[in-house]
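Chains as they are written, first to last, in this note's numbering: chain R, 529 to 633; chain V, 529 to 633.
Number of protein chains: 2
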Amino acid sequence: MKKTNCEVNDALSIISGKWKPAILFTLISNGSKRFNELERLINGITPRMLAKELKELENNQIVKRTQYETIPLKVTYEMTEYGMSLKDILIKLHEWGINHNRLYK
Amino acid sequence: MKKTNCEVNDALSIISGKWKPAILFTLISNGSKRFNELERLINGITPRMLAKELKELENNQIVKRTQYETIPLKVTYEMTEYGMSLKDILIKLHEWGINHNRLYK
């Protein structure tokens with residue numbers, strides 16, 4: 529059977545990128561967070577990059593953005609239930625990465 | 529605790545790329561294969577791209593290249609035992625990708 533495996537690439541395209549794993553792990557481990565809280569929790573990310581990555585994750589149904597009609601305006605981000613289906617894969621990738629670095633870096 | 533999660537990115541850098549998942553799945557499911565067998569089994573890959581991806585996988589200890597002193601020369605590629613530690617992650621990514629495409633594409 530001829531192999532293309534675009535499904536793996538489809539999954540990878542959603543979680544790959546310099547900042548997406550850090551954003552996902554932060555939301556998975558800390559729950560709902562405001563934009564500037566996320567910015568503080570993720571080492572070195574710029575507001576522009578955080579906004580871009582959150583938008584992509586939101587478009588892919590991984591993250592939910594909630595806006596509260598308060599003054600000042602309050603916006604929070606959290607993992608969707610669907611997004612949490614990535615938790616196991618991310619943890620396994622994290623463990624594999626740690627082991628790989630220990631062995632070969 | 530400030531998050532960077534470069535370990536996930538380190539793991540992703542090894543399995544990501546248009547052709548790596550297909551090469552990994554082909555070797556995982558078919559065992560040791562010669563170059564032109566791999567080329568035939570992977571839809572649309574060029575010899576140049578296959579050689580480049582195999583070299584990277586070999587450098588990362590994921591794939592083993594074996595050369596036989598026969599005439600004509602015979603070279604085979606197979607997953608290393610270490611490389612097989614990626615099998616579970618790849619299968620989970622594959623399943624997640626199928627499900628995501630079914631829901632959102």
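C-beta: ideal position from N, C-alpha, C; glycine also. Nothing here was measured: the structure is a model prediction, and the numbers come from that model.
Checklist entry - Does E539 of chain V come within less than 8 Å of chain R when only Cβ atoms are used? => result Indexing the second sequence from 1 puts residue 539 of chain V at position 11. For the sequence presented, residue 539 of chain V should be read as Ala rather than Glu. So yes, A539 of chain V belongs to the interface.
Checklist entry - What are the partner residues of V591 of chain R, as DSSP defines its beta bridges? => result Counted from its first residue, the first sequence places residue 591 of chain R at position 63. Bridge partners of V591 of chain R: R:M607.
Checklist entry - In the structure shown, what three-state DSSP assignment does I573 of chain V receive? => result One-based indexing of the second sequence puts residue 573 of chain V at position 45. I573 of chain V: coil per DSSP, three-state reduction.
Checklist entry - Looking at N588 of chain R and the ligand ATP, is the gap between the Cβ and the nearest heavy atom below 7 Å? => result As far as ligands go, the structure on display features none, and thus does not contain the ligand ATP.
Item to check | Test: K615 of chain V CB closer than 8 Å to a CB of chain R | outcome: Start at 1 with the first residue of the second sequence, and residue 615 of chain V comes out as number 87. Not an interface residue.
Item to check | Top-ranked residue by Cα proximity to E606 of chain R, from R:K548, R:S544, R:S560 | outcome: As a working note, residue 606 of chain R is residue 78 in the first sequence. It is R:S560 whose Cα lies nearest to the Cα of E606 of chain R.
Checklist entry - What residues from chain V crowd round Y605 of chain R, counting only those whose CB sits closer than 9 Å? => result By 1-based counting over the first sequence, the position of residue 605 of chain R is 77. Here the premise fails: no neighbours, minimum Cβ distance about 14 Å.
Checklist entry - Checking contacts by CB at 8 Å: is N629 of chain V closer than that to chain R? => result To locate residue 629 of chain V, count along the second sequence from 1; it is residue 101. Yes, N629 of chain V counts as interfacial toward chain R.
Item to check | Residue span of the alpha helix (DSSP H) that contains E480 of chain R, given as start and end | outcome: It is not possible to answer for residue 480 of chain R, since the shown part of chain R is limited to 529 through 633.
Next on the checklist: Below 8 Å, how does it come out for the region 591-606 of chain R and the region 584-604 of chain V: are there three or more Cβ pairs, yes or no?
Outcome noted: no
Checklist entry - Who are the Cβ neighbours of T594 of chain V in its own chain at under 6 Å, not counting the five residues just before and after it? => result Within the second sequence, residue 594 of chain V is the residue found at index 66, counting from 1. Taken in chain order, the residues that qualify are T604.
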